[in-house]
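**Q** Dropping the structure in here first, questions after.
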Amino acid sequence: MADQGNIIRAPDFPEDGHEWKKYGQKLIRTIGKHRSYFICQRANCKAKKRVEWSPLEPDDLKVVYVGTHTHEGPDQAGPGSISSVDANRYNLLTQVLGDGQWQSPPDHDPTGGQITGQ
DNA sequence: GTAGTTTGACCAAGA
DNA sequence: ATCTTGGTCAAACTA
Numbered sequence: 001m002a003d004q005g006n007i008i009r010a011p012d013f014p015e016d017g018h019e020w021k022k023y024g025q026k027l028i029r030t031i032g033k034h035r036s037y038f039i040c041q042r043a044n045c046k047a048k049k050r051v052e053w054s055p056l057e058p059d060d061l062k063v064v065y066v067g068t069h070t071h072e073g074p075d076q077a078g079p080g081s082i083s084s085v086d087a088n089r090y091n092l093l094t095q096v097l098g099d100g101q102w103q104s105p106p107d108h109d110p111t112g113g114q115i116t117g118q
């Protein structure tokens, strides 16, 4: 079909190497951006991913990982090696795609029980 | 025929 | 008690 340049569509999201299944998309009015919902299709993997981007600035991509991959990376996928949890032991990861700029952290704990790395 | 994707509607929580 | 938003599920369509 001729791409209707009018309808907003998810831009080319960066490949994480994992298999994500899109299960929903919504426009968040509070931030005025679109948000797509993805879930890892890997068995035993309950990791979820959210991608939000500005309808007018597809360059501002923000990928938010929720949950953790119970399986190793896309290269190993070892069911018996759940050591990956050691790297993803936290439940929320936020990455900014594009310019690598964070919109504006409300000022959470910079090192309080967050991803302090250790 | 399968897989993946899309849209709409429903539900729940919070203010 | 009401309204709005966010999140998820199901069904349908296309490639």
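Residue numbers (full-length UniProt numbering): 1 to 118. Quick reminder that beta carbons are idealized off the backbone N, C-alpha and C, glycines included.
1) Excluding the five sequence neighbours on either side, which residues of its own chain have a C-beta within less than 6 Å of the C-beta of L27, listed in chain order?
2) Does the Cβ of Q95 have 16 or more other Cβ atoms within 10 Å, making it buried, or fewer, making it exposed?
3) Thinking just about the alpha-carbon of each residue, which of D60, F38 and S54 is nearest to the one in Q25?
4) Since I31 is in the beta strand (DSSP E), which residue starts that stretch and which ends it?
5) Based on Cα-Cα distance, which residue from P55, V51 and L56 lies nearest to V63?
6) Going by the beta-carbon positions, is the gap between K46 and G67 smaller than 8 Å?
7) Please go through the same chain and pick out, in chain order, the residues whose beta-carbon is closer than 8 Å to the beta-carbon of Y23, but skip the five residues on each side of it.
8) Using CA atoms only, rank isn't needed, just tell me which of N44, I31 and K48 is closest to D60.
9) Within the continuous beta strand (DSSP E) that includes R50, where are the two ends?
**A** On the basis of the supplied data:
1) Same-chain partners within the cutoff: H34.
2) With a pLDDT of 48 at Q95, under the threshold of 50, the modelled position of this residue cannot be trusted, and the question is left open.
3) The candidate whose alpha carbon is nearest that of Q25 is F38.
4) Here I31 belongs to no beta strand (DSSP E), and DSSP marks it neither H nor E.
5) Minimum Cα distance to V63 is reached at V51.
6) Result yes, Cβ atoms of K46 and G67 sit closer than 8 Å.
7) Excluding sequence neighbours, Y23 sits near Y37, F38 and I39.
8) Taking the Cα of D60 as reference, the smallest distance to any Cα among N44, I31 and K48 is reached at I31.
9) Residue range K48 to W53 is occupied by the beta strand (DSSP E) that includes R50.
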